[in-house]
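Q:
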Amino acid sequence: MNVQLILRVRMDWGIAMMSVNGGKKKDAYVQKIVNYGMAKNIMPRRENEFIRNYPRENREIGKMIDIIKASLLKEKLDEIDNEVIEIVKDGWYKSHLKKNIGMWEKGDIIDGTFRGVKVPPSYRELERQTGRAHHHLKRWHDIYKQHPNKQKYIEEYAKPMATKALERYFNTIAVLQSGTPEWWTPKKYVHAVHKVMGDIDLDPASCEEANKIVMAKRFYGPGDNGLLKKWEGRIFLNPPYGDFTRDFVEKFFNDFDSSFNEGIILVNSRATDADWFQPMFEGIICFTDHRIDFDSPDEKKTSSTHGSCFVYFGSNREKFAEVFNEFGNIIKRWP
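All you need for my numbering is the position in the sequence shown, starting with 1, plus 42.
(1) Could you check where the alpha helix (DSSP H) with Asn253 kicks off and where it finishes?
(2) For the structure I just gave you, are there three or more beta carbon pairs, one from the region 322 to 330 and one from the region 296 to 304, closer than 8 Å?
(3) Write down the C-beta distance between Ile151 and Leu115 rounded to the nearest angstrom, noting that I regard them as a contact closer than 8 Å.
(4) Sorted by chain position, which residues of the same chain lie with C-beta nearer than 7 Å to Asn260's C-beta, five sequence neighbours on each side aside?
(5) Taking just the CA atoms, how far does Glu147 sit from Asp184?
(6) Which class does Arg157 belong to by DSSP, given the choice of helix, strand or coil?
(7) Please state the DSSP three-state secondary structure of Trp376.
(8) Which two residues bound the contiguous alpha helix (DSSP H) that contains Asn296?
(9) Kindly indicate which three-state DSSP category Asn280 falls into: helix, strand or coil?
(10) Thinking Glu167 and Ala175 are a contact (beta carbons under 8 Å), I'd like their distance in whole angstroms, please.
(11) With DSSP run on the structure shown, which of helix, strand or coil describes Asp317?
(12) Please return the same chain residues whose Cβ sits closer than 8 Å to the Cβ of His177, not counting the five positions on each side in sequence.
(13) What span of residues does the beta strand (DSSP E) with Ile185 cover, start to end?
(14) Would you mind sorting Asn253 into buried or exposed? The rule is 16 or more other CB atoms within 10 Å of its CB.
(15) According to DSSP, is Arg98 helix, strand or coil?
(16) For chain C, find out if any of its Cβ atoms is closer than 8 Å to the Cβ of Phe366; answer yes or no.
(17) So for Ser350, helix, strand or coil by DSSP?
(18) Where DSSP assigns a beta bridge to Gly370, which residues make up the other side?
(19) Are the beta-carbon atoms belonging to Phe352 and Leu308 less than 8 Å from one another?
(20) If you follow the beta strand (DSSP E) that Leu308 is part of, which residue opens it and which one closes it?
(21) If you follow the alpha helix (DSSP H) that Glu167 is in, where does it begin and where does it stop?
(22) Excluding five sequence neighbours on each side, which residues of the same chain lie with their C-beta closer than 6 Å to the C-beta of Thr222?
(23) Determine the direct distance from the alpha carbon of Ile373 to that of Thr227, and round the result to whole angstroms.
(24) Starting from the C-beta of Phe156, find all residues in its chain whose C-beta is less than 6 Å away, skip the five residues before and the five after it, and write them out in chain order.
(25) So for Trp226, helix, strand or coil by DSSP?
(26) State the start and end residues of the unbroken alpha helix (DSSP H) segment that holds Tyr195.
(27) Should Asp120 be labelled buried (16 or more other beta-carbon atoms within 10 Å of its own) or exposed?
(28) Can you tell me whether Ile373 sits near the ligand MG, meaning its C-beta is under 7 Å from at least one heavy atom of the ligand?
(29) Find out if the Cβ-Cβ distance for the pair Glu117, Lys140 is shorter than 8 Å.
(30) Quick one: grab the DSSP three-state call for Glu147.
(31) Taking Thr172 as the reference, give the member of Asp153, Ala112 and Lys237 with the closest Cα.
(32) Apply the 10 Å Cβ neighbour rule to Trp376 and answer buried if 16 or more other Cβ atoms are within range, or exposed otherwise.
(33) Residues in the same chain with beta-carbon distance under 8 Å from Met145, minus the five sequence neighbours each way, listed in chain order, please.
(34) Could you check which residue in Tyr199, Gly370 and Ile277 has the C-alpha nearest to that of Phe295?
Listed below in structure tokens is the structure:
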């Protein structure tokens with residue numbers, strides 16, 4: 043039954059009022075429920091308690107109650123998922139942490155659906171009511187049952203799980219950063235970076251082998267979680283492609299000026315319409331006129347599937363334009 047339900051439960055000097063957005067026949071059933079509640083002087087503290095006390099002798103009323111309960115459950119699960127979607131804007135780590143917390147919160151709601159009911163619904167029944175896979179519903183409920191205290195769950199499980207997932211992502215992404223076991227920034231581009239900035243103080247997305255080429259004074263590898271570290275000095279950033287590109291670029295701009303004041307970013311040039319790319323135009327950009335052949339440990343060349351661009355931020359813009367002009371076209375915002 044495709045029915046949009048809006049449930050309001052108010053207690054005002056013992057008078058319960060419930061309204062449902064539906065036809066007159068449905069309203070009549072609801073009125074019977076309300077009348078019974080008033081006659082029995084039901085004073086619930088929560089909607090679920092109110093619903094549990096409704097009479098179920100009438101089959102139609104019972105059916106209406108089930109629809110209302112299912113609507114409440116689905117609405118609350120949707121609210122949590124919408125929050126998780128919104129928090130993605132704050133970066134992958136925060137969104138993953140919120141996702142884990144959201145599973146606990148959904149488990150709490152599901153447990154409340156079971157609590158105090160003589161014949162609790164099955165996960166299959168909840169699947170039909172909410173459109174959520176029964177194994178997901180069970181998993182969320184199990185998480186809540188195993189960790190009934192939310193704050194302890196965050197401290198002992200949710201946050202570490204997000205961190206581990208972040209590290210796994212670092213170790214498995216196909217094109218990871220300026221130093222993966224497979225794709226490394228070629229020497230001629232690294233030498234150009236050194237010509238512009240002198241030394242590289244930090245490569246926040248690298249590894250030990252790649253740094254033999256980059257020669258940064260410090261680097262953050264997969265186990266260091268560079269997104270959570272402080273960035274200082276002259277930065278060379280070739281961020282992980284995929285979901286992490288946005289996070290590393292946003293980290294660069296968030297820390298720029300406050301923690302460091304000079305840096306070069308290497309990203310793919312097909313993302314110029316992305317919102318995270320827009321701050322790049324405040325710098326000076328070299329759009330390569332070729333595809334970069336990345337280095338690898340076996341000395342084979344792996345060509346990128348798209349063009350690239352180097353973006354410079356700092357006070358040495360003319361030097362950047364002079365050095366990187368050999369790699370492509372130099373673009374800067376019109377004054």
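Just so it is clear, CB atoms sit at the ideal spot from N, CA and C, and this is done for glycine as well.
A: Well, looking at it:
(1) Within the sequence shown, the letter at position 211 stands for residue 253. Element bounds for Asn253: Glu250 to Val256.
(2) The region 322 to 330 makes no contact with the region 296 to 304: fewer than 3 CB pairs, one atom from each, lie closer than 8 Å.
(3) The residue given as residue 151 occupies position 109 in the sequence shown. The residue given as residue 115 occupies position 73 in the sequence shown. Contact holds; Cβ gap of about 7 Å.
(4) Within the sequence shown, residue 260 is the residue found at index 218, counting from 1. The question names Asn, but residue 260 in the sequence shown is Arg. In chain order, Asp243 and Leu244 place their CB closer than 7 Å to the CB of Arg260, counting only its own chain and leaving out the 5 sequence neighbours on each side.
(5) In the sequence shown, counting from the first residue as 1, residue 184 sits at position 142. In the sequence shown, counting from the first residue as 1, residue 147 sits at position 105. Roughly 11 Å between the two C-alpha positions.
(6) On the sequence shown, position 115 is the one that residue 157 refers to. DSSP, reduced to helix, strand and coil, places Arg157 outside both helices and strands of the structure shown, so it counts as coil.
(7) For the purposes of this step, residue 376 is taken as residue 334 along the sequence shown, with counting starting at 1. Three-state DSSP puts Trp376 in coil, outside helix and strand.
(8) Here residue 296 refers to the residue found at position 254 of the sequence shown. Looking at the DSSP string, the run of the alpha helix (DSSP H) that includes Asn296 is Phe286 to Asp297.
(9) Translated into the one-based positions of the sequence shown, residue 280 becomes position 238. When DSSP states are grouped into helix, strand and coil, Asn280 belongs to the coil group.
(10) Position 125 of the sequence shown holds residue 167. Position 133 of the sequence shown holds residue 175. In fact, because the Cβ distance is near 13 Å, the residues do not count as touching under 8 Å.
(11) For the purposes of this step, residue 317 is taken as residue 275 along the sequence shown, with counting starting at 1. DSSP places Asp317 in helix when its eight states are reduced to three.
(12) In the sequence shown, the residue the question calls residue 177 occupies position 135. Closer than 8 Å at the Cβ level, and outside the excluded window around His177, lie Tyr165.
(13) Within the sequence shown, numbered from 1, the residue matching residue 185 stands at position 143. Counting along the chain, Ile185 falls outside any beta strand (DSSP E), though it belongs to the alpha helix (DSSP H) covering His176 to Gln188.
(14) Position 211 of the sequence shown, counted from the start, is the residue given in the question as residue 253. With 16 or more other Cβ atoms within 10 Å, it is buried.
(15) Here residue 98 refers to the residue found at position 56 when the sequence shown is read from its first residue. Note that Arg98 has pLDDT 48, beneath the 50 cutoff, so the model's placement of it is unreliable and the number below is only indicative. Reduced to three states, the DSSP call for Arg98 is coil.
(16) The structure shown has no chain C; it contains just one protein chain.
(17) Position 308 of the sequence shown, counting from 1, holds the residue named residue 350. Looking at Ser350 - three-state DSSP - the assignment turns out to be strand.
(18) Taking the first residue of the sequence shown as 1, we reach residue 370 at position 328. DSSP output for Gly370 lists Thr330 as bridge partner(s).
(19) Walking along the sequence shown from the start, residue 352 turns up at place 310. Walking along the sequence shown from the start, residue 308 turns up at place 266. By the CB criterion at 8 Å, Phe352 and Leu308 fall inside the cutoff.
(20) The residue given as residue 308 occupies position 266 in the sequence shown. That run of the beta strand (DSSP E) goes Glu304 to Asn310.
(21) In the sequence shown, residue 167 corresponds to position 125, counting from 1. Going by DSSP, Glu167 is part of the alpha helix (DSSP H) stretching over Tyr165 to Thr172.
(22) For the purposes of this step, residue 222 is taken as the residue at position 180 of the sequence shown. Annotation note: pLDDT 42 at Thr222 (below 50); position unreliable, coordinate value reported separately. Excluding five sequence positions before and after Thr222, none of the CB atoms of its chain fall closer than 6 Å to its own CB.
(23) Taking the first residue of the sequence shown as 1, we reach residue 227 at position 185. Taking the first residue of the sequence shown as 1, we reach residue 373 at position 331. Roughly 22 Å separates the two Cα atoms.
(24) As a first step, residue 156 must be located in the sequence shown, where it is residue number 114. So the list reads Pro162, once near-sequence residues are dropped.
(25) To locate residue 226, count along the sequence shown from 1; it is residue 184. Trp226: strand per DSSP, three-state reduction.
(26) For the purposes of this step, residue 195 is identified with residue 153 of the sequence shown, where counting begins at 1. Tyr195 -> alpha helix (DSSP H) spans Lys192 to Tyr195.
(27) Residue mapping note: residue 120 aligns to position 78 of the sequence shown, counting from 1. Result: exposed.
(28) Absence of the ligand MG is noted for the structure shown, with no ligands found whatsoever.
(29) For this step, residue 117 is matched to residue 75 along the sequence shown. For this step, residue 140 is matched to residue 98 along the sequence shown. No.
(30) Counted from its first residue, the sequence shown places residue 147 at position 105. In the structure shown, Glu147 sits in a helix (DSSP, three-state: H, G or I).
(31) Along the sequence shown, read from residue 1 onward, the residue named residue 172 stands at position 130. With distances taken between CA atoms, Thr172 lies nearest to Ala112 out of Asp153, Ala112 and Lys237.
(32) Within the sequence shown, numbered from 1, the residue matching residue 376 stands at position 334. With fewer than 16 Cβ atoms within 10 Å of its Cβ, Trp376 is classed as exposed.
(33) Within the sequence shown, residue 145 is the residue found at index 103, counting from 1. Counting only Cβ-Cβ distances below 8 Å, and skipping sequence neighbours, we find Arg181, Trp182 and Ile185.
(34) Residue mapping note: residue 295 aligns to position 253 of the sequence shown, counting from 1. Out of Tyr199, Gly370 and Ile277, Ile277 has the C-alpha closest to the C-alpha of Phe295.
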